[in-house]
Structure formats: C-alpha cells, structure tokens
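Sequential numbering of the sequence shown, starting at 1, is according to full-length UniProt numbering.
Glycine residues also receive a C-beta, built at the ideal position from the N, C-alpha and C atoms.
Single-structure report; data block below.
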Amino acid sequence: MAGKKRAQTDLAVPEAVPASDASRDDAAAAEAPAKKKKLAMERKKQRKELDKERHRQSAESEAAKPQPPAAEAAAPVNPPPAPSAAGPGLHMNAFEKGVRKGEAADRDGSSQMEAEKDDGLENCAPSVRYAIRRLIRGISSSREYARQGFALGLAVVLESIRSIRIGALMKLIPNLLEYSSSMKGPEAKDNLLGRLFGFGAIARSGRVSRQWTRDKSSPIVKDFVSEVVDLSSKKRYLTEPAVAVILDLVSKLPDEAILSEVLEAPSVQDWFNRAADAGDPDALFLALKLQERTSVQKEIFGKILPYPFSPDNFFAEHHLKSIAACFKESAFCLPRIHSVWLVITEMLVREAASQNDINTSCSKKHKKNKKASSSEDTVQNLRNFCEVVIQGSLLLSSHDRKHLAFNILLSILPKLSPSAIQVVLSSKVVHGLIDILSNESSWLYNAGKHFLHELASVVGHDNDRRAAVIINLQKYSGGRFDSMTKTKTVKELIGKFQSVEDCLCLVQNLMALFVDEEAVSDEPSDQSQTTDENSEIGPTEEQDPFGHGNVDVLKSWVVNTISCVLKNLKLTSKGNSDSEMVKCIEEKFQVQTEILKFLAVQGLFSASLGTEVTSFELQEKFKWPKNPISTSLRNECIEQLQFLLEDAQKDEALHVASEVKSNDLGYYFMRFINTVCNIPSVSLFRTLSGNDDNAFKKLLAIESLLFQEERKAGPGLDSTKMHVMRYLLIQLLLQVLLHPDEYWEAAVDVTICCKKSFPAIAQGDSSSGQESGERGPQEPDEDGSEGSDEDGSEDSNEEASLEFMDVLVQTFLSILPHASGPVCFTIEQVFRVFCDDITETGLLDMLRVVKIDLKGRQTDSDDEDDGRVDIEDDDETVMEDAEVGEIDDVADDLDEDMEDDSTDEGDADQDDLKDGEKAEANKDGDDSDDSDGMDDDAMFRIDPYIARIFKERNLPGSETKQSQLMRFKLRVLTLLDIYLQRNPGKTLVLEVYSFLMQAFVKSHGADGGEQFRQRIAGILQRRIFKGREYPEGNGIEFSKLERLLEKALRLASRSRYSTVASVAQNAAFWILKIIISMNRSEEELASVVDKFRSILNDYDRKKSRLKLGFVKEVVRRNPWIGQELFGLVVQKVEVLRAEYRRNQILELVDCILKSWVGDASEVWTNHLAQLCELMQEVLSKVPENKSRRKEVRNFCTRILQTVLKLNLKEQLQNALSTETYSLCQAQLGTAFAPFKKDSK
C-alpha cells in the first residue's frame, strides 16, 4: 500500500499505543520542533484511548440487554471458515456475506481491528474495517497518483458494500484525517486534500443519492453538502474542487432534491449571500451550474445571479458590475483558467451562434422574425461583458488579471463572427497590447506575443475575420500598431490577402474604415485607462498614438495600404494559353479599378450636398467622410494614384494587351474623371485658377483625341508614341491638381508638342480656336508676358527656331527638378520613343544640366568647342592648382621643377591662344556646353531649371538646394543613358562623352556625390567605351578627336584620382578606335603619335602619374604607335635616373619589340644600333637591387635570343662597340656565348 508507513500496532494493537516513560524522557531531550511533533502524537494517542474506553462501555451495556427472539431463528448458525492468515489484513473471503455476518456476531473476542470504536462499520468484517481505514489514510498520501488511486478504491468499496453507513463514514474521514492550525503546511494540505477526495469518493459511489431516494426525509444530502462547503472554507485552493464534488453529487440527484436539499442548504445559502461582496468565483460557478440544471424561477441565489435569470439579465451592465469582484478573484489559479469562465464564455458564444442561425434563416425567407430583433441584445451582451469585465475590471488591475483577460479573449475569439471580433478587440484591449509590447522588459511581454500569435492563427483562414482584426488593431493605434509594438503582425496579416477575392475584401474594409470616423472619434484618448499602479510604464509622448492627429495618421495608413494591396496579389494561370493570361490580367484590372476609384473620389473630388452621392451612369455610390479630409491626405491620394498608373504602365510592357480599352487603366481613369465631373453635386476638391483650369481642360481634350487616334492606328511605333504620350498627359493632369500654378505651363507645352507630333490631333482639337478667342479680351487686363504664358505659346520667331524635340526636351527639363517618381518614369518612356529625333540643341541643353553647379558663374567667356573638350582645365580645377605645382616647394631638383613649371605655363599659354583663335572663329555659336561660358540663349534656357531648384520651400526637413540639383542631374543622366542605348553610333555621342567626362572630373570636387560619380562612370563604360557601335565615318572632325585624345591622355597621366585615370585610359582606347576607323592620313596619324610622345616626355617629371601599363596596352592594340615611339623610349632609358622608372621603360621597350611582326628582320636591322646603345646603357648602370638587376639581364638576354631567331647575329656583332661587347660578355655570361667573335 502507498502512503505513509505506520507501525502495525497503530491499527491492530491498541493496547500498545501508550508510550513508556523512557520514551517521554527521550522526547523531552529532543530539539524543539521534534518535541512539538511528539506532543501532538501523544495527544492523538490519548484521544484514541478515551475513544476505546467509551466504545468498550457502550458495548458492555448493549450486551446486557436481551436479544430479540426473532433474531435467534433468523439465520442458522454455521461455523465460519477459518481465516487463511492469522494476522490482521484484508482477505478475499472477507467480502462473503456469511463471513461478514459471522464476524459481526462474534462480539466477545478481542479484535485486532479496533472493532470497539463506533465508526459505523459494525456490520463489516475486521478486514473490511481495516481496508476502509487504510483507504481513508491513503487518500492523504502525497505520492504521485496515490491519492487518486485510494479515492477510486474507496468509491468502489462503498458502492459494493451497502452495509457501510455513509453518515458514520462522513464523520470517520475527518477523525482519521485531522486538521489543526498547529500542523505544518504539507501535512495540513495532505489531510485536507485527503478529506476532499474522501467526500468525492462518497459522491462518486452514488450512495448519497440512493439513500435520499429511499428516504426523502433523510438529511444525508444536506449534511454532505454542508461538510463539503465547510471543508472548502478552510483553504482557498479547496474551493473549486469542492464545487466539483458538489456538482458530481448533483448530477446523480433528481431535480427536486437539488432544490430542497442543495440550494436550500443553510451553508449554500450563506455561501451565495456573501459571494458577491467577498468575490468568490467558485460560488458563482456553482450557482451557474445549478441554474442550468434546475432552471429555478425564484430568488434563491442571492445577489450572485439575477432574478429572473436570463442571459440578457446576467450580462446586464449593473449585474456584471455587482459581481466584478468574483471575476477579479478568479485569477488566483493562473496559468489555468477558472471553470467559471468556461460557463460564461459558453453562454456568450452560444447566444451569438444561435442569433447568427436566426438571422441566416430570416434572410433566406426574406421576412422579419421577432427573434431577429434580439441580435442587438446579443451584441449588447458581448459589449457589456467586454466593457465591464475585460476592460473595466481585469485590464485595470494586476498583471495576473491582465494575463487572464487575454486568455479569456483567446478562448472566445475562434467562435465569434467578424462583427463580434470588432466588439472584443476594443480600444482598451488594443491599447493594453501596445502598453505591454512596447516594452520588452514587461512582465507580460511573452503573454502579449503569445496573444498576437494565437490571434493571427485563429483568423488566418477567414478573410472577414482577418480584416476585422486588421481594422481594429490599426483603428485604435492610429495606423501604427506594428511600429509601436515592434512586431509585424499587421503586415503579415495583410500579406495573406493574395487572391482577387481576398484583395477585394480587404479593399472594401479599408474603404469603410476611411469613411467611418465615428468609431475612432468616439473612443477615449486617455492612455491611463489601460494602466494602473501595477502596470508597466506606458508609451512615451512620442509614441502616444491617441493625440489630435490620430485620425489623419490612420487615414494616411489606409491610403498607403490600399495602394499596396496589388503587391500581395498572386495571379497564377493554370496554363500558358493566351486566354488564361488574359483572365489573370482582367482579374488584376478589377482590383486596380476599385483602388483607382477610391483614390480618385477621396483625392480629387468633394460633395457639396451631404457625404453620399449616387452615380446612375456608373451605377455606384460614392461616400466621403463627414469631416473634410486634410489637404495632405488628398495629396497622398493623388500621389498614390500616380504610382498606381505607373505600375499599370509597367505591367503593359510585360503583357500583350488584347484590347486597348479593356485593360487600359489610363483610359478608365480619364473616363471616370469625366463622368464624376458631370455629377451636379460633385466638384473638384479645390477651385482651379485660370491657368490651371485651362491646362486641365486641354489635357482632358488632347488625351481623348490621342486615345481615339491610338485605336485607329493599330499596333506599331505611332500607336506606342500615342500611348506613352497619353500617360504623360494623365500624370501632368494629376500634377496640375497636386501643385497649384506650378505645372500648367509645362502641361500646355506638352499639348502643343502632341499637336506638332500628331497632325491629326491638331485637326481634331477644337479647343485651340475657342481658347484663342477667349484670350483676346483678357490680354488688355493683364501683362503681355503673362498672357502669352497663359496660352503656353511662344513668339512666332522663337517657334520657328525651335524644333518639336527641342520644345519637348525643354519641357521635360522644366518638369524634372521637382516631379514625382511616376512622372519621371513616364517622361523616360516618352523620351525612349522620341529620342531618335532629338537635335543637337536639345541634347546640349540636357548635357549642360549635368555640368552645371550652384557656384557663382564666372565672367570668362570660353568658346563652344573649348567648352566641350576642356577636360584638363576641369581636372586642374579639382586639383585646386596644388597638384600641378606640388613640387615647387621641394629643394631637390629645383632646376628640373622650374623647367617643368615653365613648360606647363607655356602649354597653358598655347592652349589659351588656341582657345582664343577658336573662339574668334566660332563666336557666333550658341551651344557652348560649359555653364561658365554660356551664350544668352543657353542661359535663357538653363536659368528656369535652376530657378526651380532655388525655389526652395522654407520648411523644416526640406531638401537642400544641392541635393535637389543632384537629383535633377541624376534624372537627366537617365535620359542620356536611354539616348546612348538607342543611338550608340551617332556623332552626337562625342558631345555626350565630352560633357560627361567633364562632369565626371568635376564630381571629384567637394560638391560631387558618390552616386553621381558612379552613375556617370557606369554610363561611360557601359554605353560608350564597351558598346558594340561607335561613331564612324569621315564626317567627324579629326581636330575634335585629336583634342579629345589629348585631354584624355593628359588626365590619364596627371590625375591624382585613380578612377579618373582609369576612365581616361578607356576613353583613349575608344577615341583611338574611332580614329583608326576613319582611314586618316599619315600626317594626322603622326599627330596622334605626338600626343603619346608628350606624355612619355612628361614621364620623368615628378608630377607625372602615368602608368606605363596603359602605354603597353596601347602598343599591343596599335603596334604602329609602338614602332613610332621606339626611338623616344630608348632615349628615355638613357635620360631617366630612377631605377624603378628605368625598369618600367625597359618593360615598355620589350613590349614594343614583341609587337613587331611580319617583316620583323628589316625593322630589327634598322634599330640594331639603337638596341646596342641601349644594352650598353643598361649594363653599364646595373641596379643594386637584386630583382631589378635580374630584370635588366633578362631584357638583354631576350634581345640576343630574338637576334639569333631572326639570323641577325653578324649584324649585331658588327654593331656592337668594344665597350658594349665587354659589358655583355661580363654581365650576360652564357647568354652572350653565341655572339663571341671567336665563335663561328
């Protein structure tokens, strides 16, 4: 048997219980704790002795009475069988009826099983008595599963042996499992739990209910309930299992017994009466379960349940407040949820579910039902429960109670409808989550994370429920739930809307949230409502989402989220057929149109009568918020419209559209705008100025004409041009609405370009004549210049001098500085199809922007050609003149430095003279590239663009002028990249190269940006130097190529920036490739060689940074250049004094020698004398460094080997001087052996 070990004499030998005097002396000598324990045991034994004495006396008095005669003949006396074991114990024959009666009749013998005690077991055999007592003691055992096993055994014994009196057993259990205040915690707990399990075994055996059924006047039920209730009051942890014992008994009782014996029991009534004030959740649980069983219609539950009872009355606000203490106290058993919550939540969910069924059936029958009117009551019950219990009691209390609140919500959320979820996830619940999750050190942080995780999994497969959760989380956090809680809950939930149906569901919910302001404005904004002294510190002021701008922030989130829905849309076609692709495109187009209509209505229009307008033409109803939205929100809607149209334009490039109208979002948008504008009670959100209104109408008219012509033209280049031009007009229309009085002129210019490019548009446009007639009477009232600008036209002379593409390019340049990304993308698409027609004037206008900066313009007037190729001057400017004269302060080699400086000055003077002569020859030119030397026309064209950049908005955090200029340059570089991609072989590429090279060199100054430098370098390398095509033909001026090559070589040899030198080297290769392809004369080629001679002459100067690897590569690609430079290179070896540079020159000589192919013997014969002198020079000055000395010897050895290979041995021997011969014999050793004069 499990349990505590006790001596056998405790049960079987009562006489041996008293302790001896010696044992008492020993106990007195023990420590104090042991002494107290010993005294308690002594008192227990003394009580047992007294009980035995009383039992003996009562037995003697009963034996003295005469026996009834009927009892003598009732049963024959049969000798009982001898027991199988002499000792006490539980024997199998103890359960036989005859044995039990015989043992009961034998009262005179001494019993080892304490038979004398009045324990209600008089009719049982000693072994049964022992078994029962042992089972009772066993249920107090704390060993694993022992208590449950003993209780089950006791229940089986009680159910099998009917002679055991239940009343007496209910007294025996407390007697055997005594409890006193002096007991220690574990012992008291074991005894109390043992009592409770003992009463549970009695209830489970069914003996109490059967006894009451036989004798309804028996007080057994009341006594049992009173004993259990009294036991539950001793410790808090006993109350809930005590209720379970009572309910186990109630399940076996008839209804009449529940009312008369249980509910009317004094202990139960007293318990109910004090439960509401004391806050006893177990009493509430018992009352609810008894109410379910009996449906009592009388006031018998005290204040804990309403009378008459109904779910509506129970969930009434005043009643929930009266029992709020019960809900708070139910948190004692965390992390387990108290049983009372299962009953309450089941009642809530059951009501909601039944109400949903009623509403569904009513909607199917299309008639009203009286029960359907209770839907409001059901929702009100849930709202009352959440407001009073969850928000008003638990969330305002301790951490454990907050944890309990979230656990309760998790238990009911899976069973609620979307509308009910919105009730449960109230503002205070969301605020409490934010309060917890905003601080990772919070005690409830893990509980909050778990709640969000479970919430996401509960609503993960239901669009409506998922949307309801998203809406409430964002509604009460001002659209910043993820950022404030540092999670991705909302983002992940939104990402699960992937199909067309899902996206449309989310869009509809977001639109409803945007229009509905009552839910947000009615919520309290006091953060303290979700915290108390036991809570963590809530969000700081910077994090507080409940301020004045909460509504605008939320609406802003709606606008941005509704625009990003398309990013999560996943369209998967089952096959690759055209029909499947068209279906996918149409599904996406359906979502795009819904988003477009929302953004257009909220961003562009307002209703003059009410907040709701119906369009009979579109068969749709449009709604606006009751309070007009702010200008910033309208601007956001317009900007998102632009992005939406940009994405649609990008999608068109990926799919082959079957029809223009079916999938043309731009067409749908313009027709929608026209339709809504025709509704009488709807107007644009702001009154347009005269200029903006004129531009707005022109854009609408020209776009409509372009669309018609596009349909007529069919697929082709003209149709593509019209299509991209239409999208540009649409984007400009939005820009006109977005920025008052800023883009109207550019918009009118684009419409003029459309008329020039597409003559059919000009013929079909009837607005131009009307507008010119309207302008007539207005001009006298306004300034002449303003009148001309308002029309968007220019003087007749200026129109004659400017081509169509010139006007278009100037218009683009006027838009790009401050245009949005979608407008820039549309401009790029238009430029891509029109750039083949660009003129030199338009291209130079773009190139000037790349070079321009915000520094003050100088008064120097350079000519146009010098401006295009004056790369060296730019690099010298970047080097700040310190690089050129950096050796002036050095004491060594002063004469050489002075000579170098004078040479530089002479070169500069010569360049200035050439520049002056060229300026005289071309002073009438008007396309100078450098902003420092612009003519009047160029200044007139560029200044407006810079003026737009200077038009800085004095707002905190706005961009600087320099950053705006850099963004402008990068956008123009994108257009130039497109031009070079489509026109790599045009002669204008040289102009592009010249300007880009100058801008690249200038970008290494203080104002240059790394992104700008990398962008220019990428365009030069990818589009120009490495392109398969390059400018060819005799139409290119050789002088221009010559000067470009000279400047490139100058940069390659002088620039202190490795990136500039690298790009300049690639530029030199590219220019040489162009020169060679032109079949130039020998004189012109000789001038090319002179440029290389110049940089080689400069190699011995300290300011030279020339890498001879570059010259080697030139020689490998162009051997004729190496042949021409050979003599100079040999001379350089003799002149150079630095060992490193001499060895570098020797490597160059070796490279030149290797490049001689074909009639090499003749070339070598012509240069043998120079080679012999070179060998004498290098061998007479052998470097001290071992590796360099080895390089010199290897160089001479390769020369000798080549001479032998070409059979020029005799010629070399004749050319060798005596000194050279002796040096070779001494330094080269065996390599020179074949050339000894005695060797034949």
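Beta carbon of V823, beta carbon of Q731: below 7 Å? yes
According to DSSP, which residues form a beta bridge with L684? F605
Inter-stretch contact (C-beta, 8 Å, three-pair minimum) for the segment 389 to 398 and the segment 413 to 433: yes
Which runs of the alpha helix (DSSP H) at least 4 residues long sit entirely within the segment 482 to 506? Give them in chain order. 489 to 495
Kindly give me the distance between the Cβ atoms of S563 and F481, rounded to whole angstroms, as I take these residues to be in contact under 8 Å. Actually they do not touch by this definition, with Cβ atoms about 19 Å apart.
F707, DSSP secondary structure in three states: helix
Please classify residue 1241 as buried or exposed, where buried requires at least 16 neighbouring CB atoms within 10 angstroms. Residue numbering for the chain in the displayed model covers 1 to 1240; residue 1241 lies beyond these limits and cannot be assessed.
Where does V430 sit, in a helix, a strand or coil, going by DSSP? helix
Beta-bridge pairing of T1165 - partner residues as DSSP gives them: None; T1165 has no bridge partner.
Residues near L976 by beta carbon distance below 8 Å, same chain, minus five either side: M846, L847, V850, V992, L996, I1019
Which residues mark the beginning and the end of the beta strand (DSSP E) in which K615 is found? Correcting the residue type first, residue 615 is Ser in the shown sequence and not Lys. Taken as a continuous stretch (DSSP letters only), the beta strand (DSSP E) holding S615 covers 612 to 615.
Classify F622 as helix, strand or coil using the three-state DSSP reduction. strand
Find the nearest neighbour of L633 within the set Q590, L599, T1202, T345, judged by alpha-carbon distance. L599
C-beta atoms of L990 and P1031 nearer than 7 Å: yes
Taking the C-alpha atoms as reference points, what is the distance between E1134 and Q998? 37 Å
Min CB distance Q640 to chain B below 7 Å: The structure shown contains no chain B; it holds only a single protein chain.
Neighbourhood of R401 by C-beta, 7 Å cutoff - its chain only, sequence neighbours within 5 removed: K328, A331, L394
Three-state secondary structure (DSSP) of D926: Bear in mind that a pLDDT of 39 at D926, under 50, signals an unreliable position, so the number given afterwards is only what the model happens to contain. Coil at D926, not helix or strand.
According to the Cβ coordinates, are V490 and I470 closer than 7 Å? yes
Could you tell me which uninterrupted alpha helix (DSSP H) segments, each at least 4 residues in length, are contained entirely in the segment 1064 to 1097, listed from first to last along the chain? 1082 to 1097
Can you grab the Cα-Cα spacing for the pair R1188 / Q1227, in whole Å? 14 Å
DSSP state of V992 mapped onto helix, strand, coil: helix
Buried or exposed for R47, going by 16 or more other Cβ atoms inside 10 Å? exposed
Is the distance from the Cβ of P281 to the Cβ of C333 below 7 Å? no
For the structure I just gave you, are there three or more beta carbon pairs, one from the segment 577 to 594 and one from the segment 662 to 676, closer than 8 Å? yes
Could you spell out where the alpha helix (DSSP H) holding E1139 opens and where it closes? 1139 to 1155
Distance between L1208 and A1231 (C-alpha atoms, nearest Å): 15 Å
Taking the alpha-carbon positions, what's the E580 to M722 distance? 28 Å
Could you give the distance in angstroms between the alpha-carbon of S704 and the alpha-carbon of F406? 58 Å
Between D718, A324, A203, L238, which has its C-alpha nearest K303's C-alpha? A324
Alpha helix (DSSP H) containing D230: first to last residue? 220 to 232
Among Y1140, G495, L348, L1204, which one has its Cα closest to the Cα of Q380? L348
Go to I136, then tell me how far its alpha helix (DSSP H) extends in each direction, as first and last residue. 126 to 138
Just to confirm, are L253 and S209 a CB contact at a threshold of 7 Å? yes
What are the start and end residues of the alpha helix (DSSP H) that includes L1128? 1119 to 1135
Could you work out which residue in E1184, N663, R147 is closest to C584 when comparing CA atoms only? N663
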